[in-house]
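**Student:** Under UniProt numbering, the residues of the sequence shown are numbered 1 to 1186, in order. Dumping the structure here so I can ask a few things about it.
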Amino acid sequence: MTTEITTTTESATTTETTTTTTTTTTTTTTETTTTTTTTETTTTTTTTETTTTTTTTETTTTTTTTTTTTTTTTTTTTTTTTTTTTTTTESTTTTTTTETTTTTTTTETTTTTTTTETTTTTETTTSSTATTTTTTMTTTATTTKLPGCLPPTIRLVPNASSTAPVRFFRSDDFYILSNMLLRCDMSAAITTKWALHSCNTTCSSPIQIDELIHVNFNDIFIPARTLPYGVYQLTLTVIMEAATNITSTASTYVMVIPSGIQANLIQMGTSLVTRRYQKNFALDPGTFSTNPDEVRWDASDWNYAYYCTTASLFSSSQLMTSLLPIDDPNYMIQKTSCFKNNSGNEIEWEYSSNVYWKSTLTIFAQALKPNKTYQFIVNMTTKSNPIQQGVGYLLVHVEDNESPLITIACIISKMCAVKFGEFRNLNPTTQLALYSTCGEDCSTIQQIKWLVYQGFINASLNTVEWILFDSNSTNHDNMFFGISTANLTVSKDIFEQNPAVQFWRFKVLYSFSSTTAFSVLSFKVNQKPRNGSCTIDPLNGTAETLFTVVCSHWFDEDDIKYYSLYAWNMDSSHPIMLGYSYEPTFQIRLSAGNHYASSQNISVHIRDKLDAVTQYNLPSVIILNDETETEMFNSATQYLSKANNSETFVQSLASDYQCTVEQAIALFNQILHKLNTKNIELALKEGISMENILVSSLIDQLHTNSNKSSTSSALSDYFTHLNLQANVRDRLVTYMHNLQMMSIENIQWQASSLAQFTAATNQLTRAASLRASDKCHQLAFSLKRLANQILYEDVRATSTEIINCINNALTAINAPLQNRASVLDLDLIRSNVISVDYEDDAEIGWADPSLFANGDEFSSNSFEMNRNSFFQKRTAETIAQQANEVISWITEALSIHLTQDQHATINTSSVFFSLEITTAASLYGKPIRPIGHAMIQFPSKFDFNMNPNTTMSLRTIVQPLAPAGSSQSRAYTNFSASISLSVLNRDGSVIPIRNNTEDPIEFIIPRDSNFRVPTMNLQNVTSAKNSENQNFYLHYVNITQANKNLSMSLHFEMRPLDKDLAYLFIYRFDRPPQLNTLADHTDGSALWCTLDLAKNGYYSLFIDNHRTAEHHSVVFGLRELNSTETEQYCQYYSVNNGLPLSDRAFNFTANYEIRVYQSGCFYLDSNNNWQSDGLSVSMQINVQHN
């Protein structure tokens, strides 16, 4: 019978109790039950003031209840055994709870229940005259709950039963995700552990877990080739750290199956090769076949059966029905037999020396007839399991002439597995990258050419007929790359534009001085998922709305791999990844834009297990912009500041479930982005200078309201909101940093989330920038590791997000150092919290006041800002190093998929990145125009010391903000973008280029669009007094460089108020100039006539950086020419006229405006210091670019 016993304590603990009482009689002290009688017992409830301390797990306890009166004392001891109740939910979730049965009559009692595993048998004395021994065994299934703390709910994805386990190839990585709902007010902290059991007989046998499998994460990642073939139970146990007796478990089942071997008769598994009639050739599947399920191929594990026919087989099923092996006694009488004693010899072929293996078959010279094509087939079965087999095909065209062996293969071999007989798999939604090799005497290659064929089935002959495809048509520009090289890349557009074509053949033709040879690789198109649909419900909502996406009835012969979700507003070519799911039904949250309501376009990508993708567009969804998002932000701000809390949002993050965490962060990132945009727009509207609060992106531009002056209250409001939002971002990024990296879809989603998260560079604290950089660094390494196994489109999409992320982190960490963003409060606080062991850290030197002082200023504010700058620079160096490695890894990953004349371009608001595969000869005079005003111009002549036909990579990067560098002195790069140019060989090493000053490489580097051009200063020279009768009105300019490694050019711009006047301009370094009929003490001069006025109405003069080097000042002078001088030297000017010299004092009839500025071109050396040696500033520089 079930009752509730409520004990009133300070924490109001509620215990649900179920009691079953079994009374037995025993004559021993052992736990032996001889008679069992079950009786129904009613428990009583007494409410008293009691303090209860509970720590419970699976426990057997002895509970003693004492009732005390003034006359007698009766003690009753009951042995209580606590058991565990197991409840199975949705066939996968098991919740284990412990309940305790207590019958209590107490007054002012303190009860402590301790976790133990004991059984106690006691003697109870009921009177002084009679003694009996009674043992009461009580078996209890109970649930002990802490207030507001329930067992977590777990759902594993994918979710499968033992009778229908999820199937994974042994050669593939796979992972199981855990979707947890935590329900504990005390804390969201949990402990997780996975267990694996083999189910080949029963699921009770735990397996020894490979060290590559990490069992203490919320999700489990199983690397390829770590589990043998078979069925496995994977069980996750979750324990609430606040109450270790509250646990949950969940299980799912997987089956590891053979992947299928790649049976290759020759190297690379080419479809067709040419061989000479009078030359032996070998078929060697024992050497060239591969088993993706094993690290090492062992030819002795297999049985080999060879077939040869003169007919081209279309269906592999004909292998077993119409052909005999070549060593069959009846083979020679077969109509399609290849060997009919063509050579007159008794032996036309033989196996390798190890006849038992038969792993190599040698075909002797003249065994086959010239000018004919033969098809060889090998059927391979494992000796241990004949069901596991592989079939390899090869067409051999026999010729009279010498024919070197040419072979073709896919660059990404996993994408070109055998699909159907001799045909490889071809995905119509991705590019196809092939390469060819010449395996014999290839020193006289004169030309390489690729031919493309389309195949159509001839039903009557059961064969494929091939038709030459015009790959040179102008309609196919940028669809074929490397058509005259050893490598060929075919754009996916070719396949998408020809959906009716199901067979494709690629033939490479090598021309030699005296012969030709060719090879062929044939493909069958992998059908995309089809016949299905997807829906989203509802079609409108707010940030709190949970939208449900349901995909149904999708069919694919290779099964559906997963569903991924993308969204875009205006540009569908740059969608944002919202998430992915292995199940056809999943839920998401969406955020509105900056307006009251926004429409989001959403598409679902359905991908099969061979990576063919179908895109299905959902109806547009309207997201209303109400107060919900502000409330959610305020709630997150409140709860994220606490270490442990029960807020649903925070518990979702604490669950570490990939989908939950990513979606929660994505939602709040959209909210934060919206709030940040509004904050910036309001600041600019209030007249706050854009250049001091934000680095302009490469695409989107915001501008300050120059008609309004900012107020202190506007600044205060901006910084208050900025720091509040930065604090939330600082906490959120920690959850992203902890997520596991498993598959490419997982890596891409994390990279996409981080790229969006870090886009608000003004809100990234030092810690957030470093965590984001570190995570992107890890993602880039994982991408590089997978790059030779995955699609180019996946590599490119993931590279885009990773490069965005790392460049955002670079911009964020450098912006405060470059005075382009505010120092965040959290950074300032953290940098001035003295570490406990700071005295042992000689690098920081906290005790040295001179380290953080501004010269002789020792104020606390100066100390705090300089300490912050110290840590900011140190972190910037770390991020810069990580960024360099990320760029290198991304370059390596993309280069695998690119061939000659092909390029990959990433053009976003955060970065421009271009990687082009080209030849040395193409660099001469080559212009590169990455973005906007930016440009790189190669000279027509330079020393390259390389064969003009050598293939190389050309990498160009443009970043919106130049890094601060490590130097203590400023380099004045804070309003400049940075451009990087690298010439690399195919292994990624830098190729040096040497040029001279006559033929320089030219760079045009854009400045920030919000750079404020120095205004023209009005010079009231008409009122100037000239008591010393000077010939020129002099101006002084200080050009001292704090950084001795840098030299800068000098630019003079003068706008006369009377445009009909002419002037003489002179200058001299470090002292006043003098020019008259008696003296010429100048370093330069210029005659400014009205014809020299620029379109903007001013005169200009340029002094290059080499002339200003080592100087500290420039003094320049101006003199207005009188009408006679103007007529003589401007209207009828010739070189022989010289300059108009005069000993008269200057006299101005009109005022003028003047502007002087410096400009430089620097490079960042290996020590992260800016340098200018070897660089010359061009006179074409203006205020928009260098």
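Heads up, the beta-carbon is just placed ideally off N, CA and C, and yes, glycines get one too.
#1: According to the Cβ coordinates, are Q1171 and N1045 closer than 7 angstroms?
#2: How would you label G1174, buried or exposed, when you count the other beta carbons within 10 angstroms and need 16 or more for buried?
#3: Looking at N676: is its Cβ nearer than 7 angstroms to the Cβ of A760?
#4: Look at the alpha carbon of D1104 and the alpha carbon of S1049, and state the distance between them as a whole number of angstroms.
#5: Any idea if G1160 is buried or exposed, counting beta-carbon neighbours within 10 angstroms, 16 or more meaning buried?
#6: Which same chain residues end up closer than 8 angstroms to R1012 when comparing Cβ atoms and leaving out the 5 residues on each side of it in sequence?
#7: Nearest by alpha-carbon distance to K507: which of A486, S1176 and E877 is it?
#8: Does Q902 pass the burial test, meaning 16 or more other C-beta atoms within 10 Å, or should it be called exposed?
#9: In three-state DSSP terms, what is K419?
#10: Using a threshold of 7 angstroms, state whether the C-beta atoms of S300 and I261 are closer than that.
#11: I need the boundaries of the alpha helix (DSSP H) containing A904, first residue and last residue.
#12: Quick check on this structure: which residue in P165, I445, D185 and I744 has the alpha carbon closest to the alpha carbon of F518?
#13: Which two residues bound the contiguous alpha helix (DSSP H) that contains R766?
#14: Just reading off the alpha helix (DSSP H) that T800 is part of, what are its end residues?
#15: May I have the straight-line CA-CA distance separating N330 from A367, to the nearest angstrom?
#16: Are L405 and D611 touching if we call contact CB-CB under 7 angstroms?
#17: Could you check if Y1036 is buried or exposed, using at least 16 other CB atoms within 10 Å of its CB as the buried criterion?
#18: Could you check whether the segment 1060-1069 touches the segment 1107-1127, counting it as contact only if at least three pairs of C-beta atoms, one from each stretch, sit closer than 8 angstroms?
#19: To the nearest angstrom, how far is the alpha carbon of C199 from that of R589?
#20: Could you name each continuous beta strand (DSSP E) segment of 3 residues or more that falls completely within the segment 161-241, going from the start of the chain to the end?
#21: Is DSSP giving R1055 helix, strand or coil here?
#22: Which class does T79 belong to by DSSP, given the choice of helix, strand or coil?
#23: Straight-line CA distance for F339 to C438?
#24: Are the beta-carbon atoms of A964 and S978 separated by less than 7 angstroms?
#25: Quick check on the DSSP output: the beta strand (DSSP E) that includes S982 runs from which residue to which?
#26: Going by DSSP in three states, F870 sits in which element: helix, strand or coil?
#27: How big is the Cα-Cα spacing for I576 and S514?
#28: Among residues of its own chain, excluding the 5 on either side of L1139, which ones have a beta-carbon nearer than 8 angstroms to its beta-carbon?
#29: Here's a check: name, in chain order, each residue in its chain whose Cβ is nearer than 7 angstroms to the Cβ of V733, leaving out the five neighbours to either side.
#30: Using alpha carbons as the reference points, say which of N371, A417, E350 and T381 lies closest to H397.
#31: Taking the Cβ atom as the reference point for each residue, do V391 and A263 lie within a distance shorter than 7 angstroms?
#32: Considering only the beta carbon of each residue, do L565 and V604 sit closer than 7 angstroms?
#33: Name the one or two DSSP bridge partners that Y453 has.
#34: Between R1071 and F871, what straight-line distance do the alpha-carbon atoms span, to the nearest angstrom?
#35: By Cβ distance, which residues of its chain are closer than 6 angstroms to D284, with the 5 residues on each side in sequence left out?
#36: Cutting at 6 angstroms between CB atoms, please list the residues of its own chain near E916, excluding the five before and the five after it.
**Tutor:** Straight from the coordinates:
#1: yes
#2: exposed
#3: yes
#4: 4 angstroms
#5: buried
#6: S689 and E691
#7: A486
#8: buried
#9: strand
#10: no
#11: It is not in any alpha helix (DSSP H) - A904 instead sits in the beta strand (DSSP E) that spans H903 to N907.
#12: I445
#13: R766 to L786
#14: Y792 to N814
#15: 18 angstroms
#16: no
#17: exposed
#18: yes
#19: 39 angstroms
#20: 166-169, 174-184, 190-198, 220-222 and 230-240
#21: strand
#22: Residue confidence is low: T79 scores 34 on pLDDT, short of 50, so the model does not pin down where it sits. Its coordinate-derived value is still stated next. Three-state DSSP puts T79 in a strand.
#23: 28 angstroms
#24: no
#25: S978 to L984
#26: helix
#27: 55 angstroms
#28: L1064, L1075, S1085, L1087 and Y1129
#29: F757, A768, R771 and A772
#30: N371
#31: yes
#32: yes
#33: L468 and R505
#34: 42 angstroms
#35: T360
#36: H903 and L954
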